[in-house]
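Notes for the one structure printed next.
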Amino acid sequence: MLNKKIKVLVVDDTVVYRKAVSDILSEMPGVEVVGVAHNGKIAMSKVRTLKPDLLTLDIEMPEMNGIEVLEALQKEAPDTSAIMVSTLTTEGGEMTMKALELGAFDFILKPSTNNILESKKQLHDLLAPLIKAFQRGRTTVGAIRGRKPGGAKRPRPGPLVLPCAVKKPFRPPGLLPVEAGHCPARARSGRVNPRSSPLASPPEAPMPWPG
Numbered sequence: 093m094l095n096k097k098i099k100v101l102v103v104d105d106t107v108v109y110r111k112a113v114s115d116i117l118s119e120m121p122g123v124e125v126v127g128v129a130h131n132g133k134i135a136m137s138k139v140r141t142l143k144p145d146l147l148t149l150d151i152e153m154p155e156m157n158g159i160e161v162l163e164a165l166q167k168e169a170p171d172t173s174a175i176m177v178s179t180l181t182t183e184g185g186e187m188t189m190k191a192l193e194l195g196a197f198d199f200i201l202k203p204s205t206n207n208i209l210e211s212k213k214q215l216h217d218l219l220a221p222l223i224k225a226f227q228r229g230r231t232t233v234g235a236i237r238g239r240k241p242g243g244a245k246r247p248r249p250g251p252l253v254l255p256c257a258v259k260k261p262f263r264p265p266g267l268l269p270v271e272a273g274h275c276p277a278r279a280r281s282g283r284v285n286p287r288s289s290p291l292a293s294p295p296e297a298p299m300p301w302p303g
């Protein structure tokens, strides 16, 4: 991907963000903005004709939202990926997590400032590292799931080691030995048989009746 320009389609229902994201991406080396769309239906129509490598995809849009676009990409254009653009609302956050489960490459938050220049700077700082990561080794919507945002795979959990599975268990002086890998009765059931436990006290002798 480093020697080939990636084709990006900008999808957002807000004209200010469409313009800002398009301007930012157009200035990045190795990036070609092939089009814009203000809702999901138009975006999918342009995906079929323009065949972009990547979408910057707003989540909350009329007619067809970003989640529905991702589901359509899985069926119609699994080689296309998406960077989600989310808001700070609770609903937007939940939809962002859903988007990552559906295979989105990553997500960014829309700047909360009303200053256009500051918003563009924040967007640039958020998008630049993601675009570089995508250029190095892109991850598509059709790729295997179970990874962190940005295409990093999640580590698999290691084998579970039980505390009683030791070769030489510690044994205080005076106690009966415990075989390696053997769990005593207390470890298995939470109860100890007083007859078999090495910690059980010997039975007391009956006290004589007074004469």
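So for the sequence shown, this note's numbering puts the first residue at 93; every next one is plus one. Where a beta carbon is used, it is the ideal one built from N, C-alpha and C, also for glycine. Here the structure is a predicted model, which is why all the values come from computation and not from measurement.
Who does residue 98 pair with in a DSSP beta bridge?
-> 123.
Proximal residues to residue 110 (C-beta, below 6 Å), its chain only, five neighbours per side dropped = Result list for residue 110: 102, 104 and 128, in chain order.
For residue 172, name the three-state secondary structure that DSSP assigns.
-> coil
Determine, using beta carbons only, whether residue 123 and residue 98 come nearer to each other than 8 Å.
-> Yes. Within cutoff.
Looking only at its own chain, which residues have a Cβ that is under 8 Å from the Cβ of residue 168, when we skip the five neighbours before and after it?
-> Closer than 8 Å at the Cβ level, and outside the excluded window around residue 168, lie 136, 139 and 140.
Flag this pair as yes or no: are the beta carbons of residue 112 and residue 219 separated by less than 8 Å?
-> no
How is the beta strand (DSSP E) around residue 150 delimited, first residue to last?
-> 146–150
With DSSP as the reference, label residue 198 as helix, strand or coil.
-> strand
Bridge partners - residue 114, DSSP secondary structure assignment = Per DSSP, none; premise fails for residue 114.
Since I believe residue 203 is in contact with residue 210 (beta carbons under 8 Å), could you give me their beta-carbon distance rounded to a whole number of angstroms?
-> 7 Å
Once you ignore the five residues that flank residue 151 on each side, which residues in its own chain have a CB closer than 8 Å to its CB?
-> In the same chain as residue 151, and ignoring 5 residues on each side of it, the C-beta atoms closer than 8 Å to its own belong to 157, 158, 159, 176, 177, 178, 179, 184, 187, 188 and 191, in chain order.
Tell me where the alpha helix (DSSP H) around residue 211 begins and ends.
-> 208–228
Which residue or residues does DSSP assign as beta-bridge partners of residue 129?
-> 103
Helix, strand or coil at residue 274 [DSSP, three-state] = Residue placement at residue 274 is poorly supported in this model, since its pLDDT is 48, which falls under 50; the coordinates are not used for a value here.
Report the option in 148, 120, 121 and 229 whose CA atom is closest to the CA atom of residue 106.
-> 148
For residue 154 and residue 96, the rounded distance between their alpha carbons = 33 Å
Residue 193 to residue 162, Cα distance in whole Å?
-> Computed Cα separation, rounded: 10 Å.
Report the rounded CA-to-CA distance for residue 213 versus residue 170, giving the unit in angstroms.
-> 31 Å
Please classify residue 208: is it buried, with 16 or more other beta-carbons within 10 angstroms of its beta-carbon, or exposed?
-> exposed
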